[in-house]
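Engineer: One point on numbering: in my numbering, the residue at position 46 of the sequence shown is 162, and numbering is uninterrupted. Take this structure, written in structure tokens, and hold onto it; I'll ask about it next.
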Amino acid sequence: MSFFELIVKSRSSLVFFIKEGVLRSLYTSKSKEERKMRVRFKNTKKLHVVQMFVNNALEYMNIHDLEHTDLNIRFVRQLDNGYSHGHATGDIGEVDITIATNFPFLMQLRTLAHELIHARQFFSGQLSSDLTAWNLIP
117 MSFFELIVKS RSSLVFFIKE GVLRSLYTSK SKEERKMRVR FKNTKKLHVV
167 QMFVNNALEY MNIHDLEHTD LNIRFVRQLD NGYSHGHATG DIGEVDITIA
217 TNFPFLMQLR TLAHELIHAR QFFSGQLSSD LTAWNLIP
């Protein structure tokens, strides 16, 4: 079972992993030349943890080496008057993810995992940019 599966399946597993330092040991640094997808982060106070989480998730989903793709992850104070945890919009070449910070950090990571699934769907063409078609079926 991979780290990403544990985070998605159980919130307590994530707490255990971070407390025991396993998160750091699962992260393998890659040079910029090895990364083909450009990932940008904005407004996160725990950048190092978020970067490790995203890198592991992208590798687990086998989309970390997609060429000519951009993934923009932005953290904002709240979405939809505090009712929404996150949003993902995009197309085959670029995906923008927005995560609300008015929830506990572990919930933010869980939401980010959910939105990364949508990013994979956008990149593969399974989800249309106007959100009207799933798996290319209107």
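All C-beta atoms in this analysis are idealised placements derived from N, C-alpha and C, irrespective of residue type, glycine included. A quick note: this is a predicted structure, and the numbers were derived from the prediction, not measured.
(1) Taking the alpha helix (DSSP H) that Thr227 belongs to, which residues open and close that run?
(2) The alpha helix (DSSP H) that contains Leu172, what's its start and end?
(3) Rounded to whole angstroms, what is the Cα-Cα separation between Arg190 and Leu243?
(4) Out of Thr205, Ala229, Val192, Asn197, state which residue places its alpha-carbon closest to the alpha-carbon of Gly241.
(5) Taking Leu255 as the reference, which of Gly198, Asn218, Lys152 has the closest Cα?
(6) Ala229 and Ile213 - do their beta-carbons sit closer together than 8 Å?
(7) What does the alpha-carbon distance come out to for the pair Asp246 and Lys161?
(8) Would you identify the three-state DSSP class for Asp181, choosing helix, strand or coil?
(9) Under the three-state reduction of DSSP, which class applies to Asn197: helix, strand or coil?
(10) Who are the near neighbours of Ile134 in its chain, counting only those whose CB is closer than 6 Å to its CB and skipping five residues on each side?
(11) Mind the definition here: the region 192-204 touches the region 174-184 only if three or more C-beta pairs lie below 8 Å; say whether that holds.
Structural biologist: The structure says:
(1) 221-240
(2) The question names Leu, but residue 172 in the sequence shown is Asn. Residues 163-176.
(3) 21 Å
(4) Thr205
(5) What the structure shows of the chain is the stretch from 117 to 254, and residue 255 is not part of that stretch, so it cannot be assessed.
(6) no
(7) 31 Å
(8) coil
(9) helix
(10) Any reading at Ile134 must be qualified, since the residue scores a pLDDT of 46, below 50, and its modelled position is unreliable; no value is offered.
(11) no
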